[in-house]
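A.B. asks:
Number of protein chains: 2
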Amino acid sequence: MLNAIAAHEVATDEIATHEIKAQEAYNQSQDQRLPRTSPMQAESSFKVACSNCNLRELCLPIGLSTDEMSQLDGMVATRKKVKQGGHLFSSGDPFTTLYAIRTGFFKTCVVSEDGREQVTGFQMAGEIMGLDGIVSDKHNCNAIALEDAEVCVMPFNHVEDLSRQIPMLQRHVHKIMSREIVRENGVMMLLANMRAEERLAAFLLNLLQRLHARGYSKSELILRMTREEIGSYLGMKLETVSRTFSKFSDEGIIEVKQKNIRILDHDKLKTIFNASTC
Amino acid sequence: MLNAIAAHEVATDEIATHEIKAQEAYNQSQDQRLPRTSPMQAESSFKVACSNCNLRELCLPIGLSTDEMSQLDGMVATRKKVKQGGHLFSSGDPFTTLYAIRTGFFKTCVVSEDGREQVTGFQMAGEIMGLDGIVSDKHNCNAIALEDAEVCVMPFNHVEDLSRQIPMLQRHVHKIMSREIVRENGVMMLLANMRAEERLAAFLLNLLQRLHARGYSKSELILRMTREEIGSYLGMKLETVSRTFSKFSDEGIIEVKQKNIRILDHDKLKTIFNASTC
DNA sequence: CGGACTATTTGATATGCATCAAGAAGTCAT
DNA sequence: ATGACTTCTTGATGCATATCAAATAGTCCG
Chain A
1 MLNAIAAHEV ATDEIATHEI KAQEAYNQSQ DQRLPRTSPM QAESSFKVAC
51 SNCNLRELCL PIGLSTDEMS QLDGMVATRK KVKQGGHLFS SGDPFTTLYA
101 IRTGFFKTCV VSEDGREQVT GFQMAGEIMG LDGIVSDKHN CNAIALEDAE
151 VCVMPFNHVE DLSRQIPMLQ RHVHKIMSRE IVRENGVMML LANMRAEERL
201 AAFLLNLLQR LHARGYSKSE LILRMTREEI GSYLGMKLET VSRTFSKFSD
251 EGIIEVKQKN IRILDHDKLK TIFNASTC
Chain B
279 MLNAIAAHEV ATDEIATHEI KAQEAYNQSQ DQRLPRTSPM QAESSFKVAC
329 SNCNLRELCL PIGLSTDEMS QLDGMVATRK KVKQGGHLFS SGDPFTTLYA
379 IRTGFFKTCV VSEDGREQVT GFQMAGEIMG LDGIVSDKHN CNAIALEDAE
429 VCVMPFNHVE DLSRQIPMLQ RHVHKIMSRE IVRENGVMML LANMRAEERL
479 AAFLLNLLQR LHARGYSKSE LILRMTREEI GSYLGMKLET VSRTFSKFSD
529 EGIIEVKQKN IRILDHDKLK TIFNASTC
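Residue numbers (my numbering), protein chains in the order written: chain A, 1 to 278; chain B, 279 to 556.
Here it is, written out as structure tokens:
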């Protein structure tokens, strides 16, 4: 299996035994099932506590004891909401904090001098953003919400301080960064070696897997991004993305209704993804 | 400027003021100017000391006080030599240590299930390898020496222990990982958006910059890898790499003599790299 | 030194995807 | 609801690079 997917399988394995139900985290932001308090105020210590978060097995506190978990509660300084289309941070912004996604869906993208945009990833609940900023103390990409979102703000100094006190946390921070490196290795393979169909199959399988780890169906998903954003991520034009969706649809592999995708033949997707012989 | 290069510029900036002369580190391994003792034995404490290494401003100890530096000396358990073509580690190997390159030149590559190989990076003196292994406690790629090489073996447990004691080291470890993430972002941009000429120009400029930071000429370099390996890294076939070299040569931008490249028009290379309008 | 191998260059042709174009479908605001 | 906008789909054509092929140059080793 290719590394792009393999990386996420590792991630999934770690949490698979925990019976996570984080459905709320991925639903529309209009959804009111989660408590909605305005950030920076009226946040009871209860509400910003990692120890109480329904994402705790996906997010930074993974594998910590209850004792350590309560130490960790101080790590999240506050929460922040980002409207659809809003920037969580932008390239060039000073880096001070990492962000853990509580609800919503993001894309990260870099922009070259001449204006070409490259989507470098899509992030969902429980995933950490901002790691790109550590190296030069300023952010190196844009993080844009693809739907209304809420993130936990974790000042990086706190993270480092706590990491020095809690080896388990230190290890986890390292793993999160390593996982990102491995993920990007997989994307490099994808971009350099694969054809359009393989790329899109890999993309869908990867999304499905991550959503499944969050309690969603393995056979259905809603794309939060446009064809153009998918294309940017996969190194192809939006027309090619559209055509490839249509082709999969014609072949009875998936059913496409705008942004709603239903997987009809999971195995066939996997076969396409692994195809060397064609 | 594109991020692939920008990332390395940051790295370079950090060390640019230090007057590094690490020429020896990149020369042919036949070169006898560096002491050559067999690993695992007869290594005096003097020889494995970071505090005494001529790469200390490129490598992990960057920015540490002499006090901290001597603490660090215990981090390198031993040194290890790798013959040209030899594997420093392979995908699937248990991960226990990071490696700092002392001399020599490496490639890292991932291999997909169906056997397609993707070169994910080229590493030279002072750079750290093995970060891919942290996430799953086993290596995720192959690290292969492109010339006879010597590396410092740094058990990751030691690195983590010391990181907890030396905040400056902790920060530096984080920066190294973040830099790798940012580098890979740049490669994604390259693979997804650029044409063959732009990719090769970016590749050459990047190598030149890193070599320059190690005391080498900005106008000459020796390629340690084959056209095929360059092609794999850049997502193109070896024939296209060769043709693009020839084209640059015809246009008077570079002079190609096998693996020896002389840069005749650095600015033109940069222009090609930045080209959006063509 | 000579033979076998690997790496590189160059040419001819094929092809997958980009580009250009136009229309359809969906979304949003008033 | 209606018009303006964005997003998506589909078709026709072109091009950059892959593929196939063969010759040349360089390297290794007995």
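In this text, a Cβ means the ideal position worked out from N, Cα and C, and glycines have one as well.
If you run the structure through DSSP and keep just helix, strand and coil, what is B/ALA320?
C.D. replies: The residue you call residue 320 of chain B lines up with position 42 of the second sequence. Residue placement at B/ALA320 is flagged as unreliable, the pLDDT there being 36, under the threshold of 50; a coordinate-derived value is accordingly withheld.
A.B. asks: Buried or exposed: where does A/SER65 fall if 16 or more other Cβ atoms within 10 Å of its Cβ makes it buried?
C.D. replies: Numbered from its first residue, the first sequence carries residue 65 of chain A at position 65. The residue is exposed, with fewer than 16 neighbouring Cβ atoms inside 10 Å.
A.B. asks: Spatial neighbours of A/GLN118 within its chain, please: CB distance less than 7 Å, with the 5 preceding and 5 following residues excluded, ordered by chain position.
C.D. replies: Taking the first sequence and counting its residues from 1, the one referred to as residue 118 of chain A is at position 118. Hits under 7 Å: CYS109, VAL110 and SER232.
A.B. asks: Expressed to the nearest angstrom, what Euclidean distance is found between the alpha-carbon atoms of B/ALA553 and A/LEU264?
C.D. replies: Position 275 of the second sequence, counted from the start, is the residue given in the question as residue 553 of chain B. Position 264 of the first sequence, counted from the start, is the residue given in the question as residue 264 of chain A. B/ALA553 and A/LEU264: Cα-Cα distance of roughly 43 Å.
A.B. asks: Name the chain B residues that come within less than 9 Å of A/GLY235, Cβ to Cβ?
C.D. replies: Here residue 235 of chain A corresponds to residue number 235 of the first sequence, with the count starting at 1. Going along chain B in sequence order, the residues near A/GLY235 (Cβ under 9 Å) are MET466, LEU469, ALA470, ASN471 and GLY513.
A.B. asks: Identify which residue in A/LEU169, A/ALA125 and A/LYS175 has its Cα closest to the Cα of B/ILE412.
C.D. replies: As a first step, residue 412 of chain B must be located in the second sequence, where it is residue number 134. The option with the nearest alpha carbon to B/ILE412 is A/LYS175.
A.B. asks: Roughly how many angstroms lie between the CA atoms of A/PRO94 and A/GLY130, to the nearest whole one?
C.D. replies: The sequence position of residue 94 of chain A within the first sequence is 94, counting from 1. The sequence position of residue 130 of chain A within the first sequence is 130, counting from 1. Distance between the alpha carbons of A/PRO94 and A/GLY130 is about 11 Å.
A.B. asks: Return no unless some Cβ of chain B is closer than 7 Å to the Cβ of A/SER178.
C.D. replies: Start at 1 with the first residue of the first sequence, and residue 178 of chain A comes out as number 178. Yes, because at least one Cβ of chain B sits closer than 7 Å to the Cβ of A/SER178.
A.B. asks: As a quick exercise: from B/GLY364, B/GLU476 and B/GLN443, pick the residue whose alpha carbon is nearest that of B/SER348.
C.D. replies: Within the second sequence, the letter at position 70 stands for residue 348 of chain B. The option with the nearest alpha carbon to B/SER348 is B/GLN443.
A.B. asks: Roughly how many angstroms separate the alpha carbons of B/GLY393 and A/ASN193, rounded to a whole number?
C.D. replies: Position 115 of the second sequence, counting from 1, holds the residue named residue 393 of chain B. Position 193 of the first sequence, counting from 1, holds the residue named residue 193 of chain A. Each residue's Cα considered, the two are about 11 Å apart.
A.B. asks: What's the call for A/ALA42, buried or exposed, on a 16-neighbour Cβ count within 10 Å?
C.D. replies: Taking the first residue of the first sequence as position 1, residue 42 of chain A is located at position 42. Low confidence applies here, because A/ALA42 scores a pLDDT of 36, under 50, leaving its location unreliable and the question unanswered by this model.
A.B. asks: Could you pull out every residue in the same chain whose Cβ sits closer than 6 Å to the Cβ of A/ARG227, ignoring the five residues on either side in sequence?
C.D. replies: What you label residue 227 of chain A is simply residue 227 of the first sequence in a count that begins at 1. Here the set comprises LEU238, VAL241 and SER242.
A.B. asks: Out of A/ASP67, A/ALA143, A/ASP137 and A/LEU72, which one is the CA nearest neighbour of A/GLY86?
C.D. replies: Walking along the first sequence from the start, residue 86 of chain A turns up at place 86. It is A/ALA143 whose Cα lies nearest to the Cα of A/GLY86.
A.B. asks: To the nearest angstrom, report how far apart B/ASN538 and B/LYS548 are at their CA atoms.
C.D. replies: Within the second sequence, residue 538 of chain B is the residue found at index 260, counting from 1. Within the second sequence, residue 548 of chain B is the residue found at index 270, counting from 1. For B/ASN538 and B/LYS548, the distance between alpha carbons rounds to 20 Å.
A.B. asks: In whole angstroms, what is the alpha-carbon distance linking A/PHE203 and B/LEU366?
C.D. replies: Walking along the first sequence from the start, residue 203 of chain A turns up at place 203. Walking along the second sequence from the start, residue 366 of chain B turns up at place 88. Their Cα atoms are separated by approximately 31 Å.
A.B. asks: Going by DSSP in three states, B/ALA378 sits in which element: helix, strand or coil?
C.D. replies: Taking the first residue of the second sequence as 1, we reach residue 378 of chain B at position 100. Correct three-state label for B/ALA378: strand.
A.B. asks: Excluding the 5 residues flanking A/THR96 on each side, which residues of the same chain have their C-beta closer than 7 Å to its C-beta?
C.D. replies: Counting from 1 along the first sequence, the entry for residue 96 of chain A is found at position 96. Around A/THR96: PRO155 and PHE156.
A.B. asks: Compare the C-beta of A/LYS268 against all C-beta atoms of chain B and say whether one is closer than 7 Å.
C.D. replies: Position 268 of the first sequence, counted from the first residue, corresponds to residue 268 of chain A. No, no contact with chain B.
A.B. asks: Could you confirm whether any beta carbon from chain A is found closer than 7 Å to the beta carbon of B/HIS346?
C.D. replies: Here residue 346 of chain B refers to the residue found at position 68 when the second sequence is read from its first residue. Reading the sequence as shown, one finds Glu at residue 346 of chain B and not His. No, B/GLU346 does not count as interfacial toward chain A.
A.B. asks: Taking the alpha-carbon positions, what's the B/HIS450 to A/LYS218 distance?
C.D. replies: Translated into positions along the second sequence, residue 450 of chain B becomes position 172. Translated into positions along the first sequence, residue 218 of chain A becomes position 218. Their Cα atoms are separated by approximately 40 Å.
A.B. asks: Leaving out five residues on either side along the sequence, give the residues of the same chain with a beta carbon under 7 Å from the beta carbon of B/MET503.
C.D. replies: The residue you call residue 503 of chain B lines up with position 225 of the second sequence. LYS385, PHE400 and LEU424, listed in sequence order.
A.B. asks: Contact check, B/SER390 vs A/MET188 under 8 Å by CB: the rounded distance?
C.D. replies: To locate residue 390 of chain B, count along the second sequence from 1; it is residue 112. To locate residue 188 of chain A, count along the first sequence from 1; it is residue 188. Not confirmed; about 11 Å, so no contact.
A.B. asks: Exposed or buried, A/GLN32, counting other C-beta atoms within 10 Å across all chains shown (16 or more means buried)?
C.D. replies: Taking the first residue of the first sequence as 1, we reach residue 32 of chain A at position 32. Low local confidence applies: a pLDDT of 32 at A/GLN32 is under 50, so the model's placement there is unreliable, with the coordinate-based value given in what follows. Label assigned to A/GLN32: exposed.
A.B. asks: Could you give the residue range of the alpha helix (DSSP H) that holds B/ARG557?
C.D. replies: Nothing in the structure corresponds to residue 557 of chain B, since chain B is present only between 279 and 556.
A.B. asks: Buried or exposed: where does B/ILE550 fall if 16 or more other Cβ atoms within 10 Å of its Cβ makes it buried?
C.D. replies: Position 272 of the second sequence, counted from the first residue, corresponds to residue 550 of chain B. So B/ILE550 counts as buried.
A.B. asks: In terms of alpha-carbon separation, which member of B/LEU350, B/PHE383 and B/TYR494 lies closest to B/LYS359?
C.D. replies: Along the second sequence, read from residue 1 onward, the residue named residue 359 of chain B stands at position 81. Cα-wise, what sits closest to B/LYS359 is B/PHE383.
A.B. asks: With a cut-off of 7 Å, does the C-beta of B/LEU485 fall near any C-beta of chain A?
C.D. replies: Walking along the second sequence from the start, residue 485 of chain B turns up at place 207. It does not; no Cβ of chain A falls within 7 Å.
A.B. asks: Tell me the DSSP secondary structure of B/GLU529 in three-state form.
C.D. replies: Here the question's residue 529 of chain B lines up with position 251 in the second sequence. Coil, per DSSP.
A.B. asks: Roughly how far, in whole angstroms, is the beta-carbon of A/THR244 from the beta-carbon of A/ALA196, given that I think they are within contact range, below 8 Å?
C.D. replies: Counting from 1 along the first sequence, the entry for residue 244 of chain A is found at position 244. Counting from 1 along the first sequence, the entry for residue 196 of chain A is found at position 196. Their Cβ separation, rounded to whole angstroms, is 5 Å, which keeps A/THR244 and A/ALA196 in contact under 8 Å.
A.B. asks: Have a look at the DSSP bridge pairing and note the partners of A/ARG79.
C.D. replies: Taking the first residue of the first sequence as 1, we reach residue 79 of chain A at position 79. Answer is A/CYS152, bridged to A/ARG79.
A.B. asks: Would you kindly report the start and end of the unbroken alpha helix (DSSP H) that includes A/LEU205?
C.D. replies: For the purposes of this step, residue 205 of chain A is taken as the residue at position 205 of the first sequence. Run containing A/LEU205: 196-213, per the alpha helix (DSSP H) assignment.
A.B. asks: Under 8 Å between beta-carbons, which chain A residues line up against B/ARG357? List them in chain order, please.
C.D. replies: In the second sequence, the residue the question calls residue 357 of chain B occupies position 79. By Cβ distance, chain A contributes nothing, its closest Cβ being about 24 Å from B/ARG357, past 8 Å.
A.B. asks: Quick check: what's the CA-CA separation for B/SER368 versus B/LEU376?
C.D. replies: Sequence index remark: in the second sequence, residue 368 of chain B carries index 90 (1-based). Sequence index remark: in the second sequence, residue 376 of chain B carries index 98 (1-based). So the two alpha carbons sit approximately 13 Å from each other.
A.B. asks: Once DSSP output is grouped into helix, strand and coil, what is the label at B/ALA470?
C.D. replies: If you number the second sequence from 1, residue 470 of chain B lands on position 192. Helix, per DSSP.
A.B. asks: Determine, using beta carbons only, whether A/ARG116 comes closer than 7 Å to chain B.
C.D. replies: For the purposes of this step, residue 116 of chain A is taken as the residue at position 116 of the first sequence. So, interface residue.
A.B. asks: By DSSP, does B/PHE373 sit in helix, in strand, or in coil?
C.D. replies: Counted from its first residue, the second sequence places residue 373 of chain B at position 95. Residue state, collapsed to three classes: coil.
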